Amino acid sequence: MKHFEQAIERVVGGLEKKSVVLSPEEKRTVAYHEAGHAICGWYFRWADPLLKVSIIPRGQGALGYAQYLPAGGDTYLMNVNQLMDRMAMTLGGRVSEELHFDTVTSGASDDFNKVTRLATAMVTKFGMSPKLRYIYYEEDPSQQLHKPFSEETARDIDLEVRRIVDEAYKQCHELLTAKKKEVGIVAEELLTKEVLSRDDMIRLLGPRPWPESSEFAKYFDGAHGQTIAPPEPTLPAEGTEGKDATE
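1048 is the number that the numbering used here gives to position 55 of the sequence shown; each next residue is one higher, with no gaps.
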């Protein structure tokens, strides 16, 4: 089982690069960054359940690594609350840096990319903006929006994306401010052990305060809850625009 888990981690996160030697300051920053993600995943109801978090550098330039179990099986639809929790969790690393250090690092760049893309999809594809409502704005292969619309609409898109990201940031900041002690507990344990499992999180924080999905319960002992957090929705592939997700 251990070798099977290691194989999955290699595919998902890349090979461990223990030859990459971080300074004590960098290692501490990475630990608090990853702890921020982990705490958000533990306490936000619709976040995917955490399996493992590590501060061992891996391939693709990742200095930290977290593994989650996407719940919901073949369920691919997500509502606004689920998407907001996903974005707030993604911002947890940067917010943790802000709360625990005098300055921030460049380590959240990929997190910002994910959050911006998801917020943009909510506005331009998923019809989740009260202001723009039910219009689908197509992307070209270079990921730049075509503009068969006015400059005013373009500004509205920018403002709505900013509003959604700001709301996710506020949600994340409020949680991590309230759970600042818990972030420190997880981060310091990461600095000691380098890798924490779900069992470690339960030992440090207690059980996750939401019922686990039946999908998650297949892998671990525990009650079967009714909460199911689906995996990240896929954006429409080229040539499939206009097809409903339910088709």
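For every residue, glycine included, the Cβ atom is placed at its ideal position computed from N, Cα and C. All values derive from a computational prediction rather than experimental measurement.
Where residue i falls, given that 16 or more other Cβ within 10 Å makes a residue buried
{"i": "P1172", "result": "First, the amino acid is wrong: residue 1172 is Lys here, not Pro. That one is buried."}
{"i": "L1070", "result": "exposed"}
{"i": "V1073", "result": "exposed"}
{"i": "S1089", "result": "buried"}
{"i": "V1014", "result": "exposed"}
{"i": "T1117", "result": "buried"}
{"i": "T1096", "result": "exposed"}
{"i": "G1065", "result": "Only weak support exists for where G1065 lies, its pLDDT of 48 falling under 50; the value from the coordinates is given anyway. Result: buried."}
{"i": "G1215", "result": "Unreliable placement is indicated for G1215, whose pLDDT of 43 sits below 50; the coordinate value is still reported in the next sentence. Burial call: exposed."}
{"i": "Y1022", "result": "A small correction: the amino acid at residue 1022 is Thr; Tyr does not occupy that position in the sequence shown. Looking at its Cβ environment, which holds 16 or more other Cβ atoms inside 10 Å, T1022 is buried."}
{"i": "E1131", "result": "exposed"}
{"i": "T1170", "result": "exposed"}
{"i": "T1083", "result": "buried"}
{"i": "D1159", "result": "exposed"}
{"i": "R1266", "result": "This structure does not reach residue 1266, given that the chain is present from 994 up to 1240, and the question cannot be answered."}
{"i": "P1200", "result": "exposed"}
{"i": "E1144", "result": "exposed"}
{"i": "A1180", "result": "buried"}
{"i": "L1056", "result": "buried"}
{"i": "I989", "result": "What is shown of the chain runs 994 to 1240, which leaves residue 989 out entirely."}
{"i": "Y1058", "result": "buried"}
{"i": "G1120", "result": "exposed"}
Limits of the alpha helix (DSSP H) - the one that residue i falls within
{"i": "E1056", "result": "Here the sequence assigns Leu to residue 1056, which means Glu is not the residue at that position. Element bounds for L1056: n/a, residue is neither H nor E."}
{"i": "P1017", "result": "1017–1036"}
{"i": "M1082", "result": "1073–1083"}
{"i": "L1169", "result": "1144–1171"}
Bounding residues of the beta strand (DSSP E) (the contiguous stretch that carries residue i)
{"i": "L1043", "result": "1043–1047"}
{"i": "S1102", "result": "Per DSSP, S1102 belongs to no beta strand (DSSP E); it is in the alpha helix (DSSP H), 1102–1117."}
{"i": "S1190", "result": "1188–1190"}
Closest residue to residue i among the options (Cα-Cα distance)
{"i": "K1045", "options": "Q1060, Y1025, W1039, C1033", "result": "Q1060"}
{"i": "I1157", "options": "L1169, V1179, S1190, S1122", "result": "S1122"}
{"i": "G1034", "options": "V1154, E1175, L1152, S1016", "result": "E1175"}
{"i": "P1202", "options": "G1029, W1039, Y1025", "result": "W1039"}
{"i": "D1103", "options": "D1149, P1042, M1080", "result": "M1080"}
{"i": "D1151", "options": "K1124, G1177, P1042", "result": "K1124"}
{"i": "E1018", "options": "F1142, I1032, Q1075, F1094", "result": "F1094"}
{"i": "A946", "options": "L1189, P1200, E1205", "result": "Past the boundaries of the shown model lies residue 946; the chain is included only from 994 to 1240, so the question cannot be answered."}
{"i": "A1101", "options": "A1180, H1026, G1199", "result": "H1026"}
{"i": "P1050", "options": "P1204, E1205, G1085, L1183", "result": "L1183"}
{"i": "S1016", "options": "I1048, A1031, H1030", "result": "I1048"}
{"i": "M1077", "options": "L1092, V1154, Y1058, T1185", "result": "V1154"}
{"i": "T1255", "options": "Y1162, T1185, Y1129", "result": "For residue 1255 there is no data in the structure shown, the boundaries of the chain being 994 and 1240."}
{"i": "A1028", "options": "K1186, I1178, P1204", "result": "I1178"}
Near the ligand MN: residue i beta-carbon under 6 Å from a heavy atom
{"i": "S1122", "result": "For the structure depicted, the ligand MN is absent and the ligand set is empty, with no information on it obtainable."}
Count the C-beta pairs between the region 1193–1204 and the region 1105–1114 that are closer than 8 Å, then say yes if the count reaches three, no if not. no
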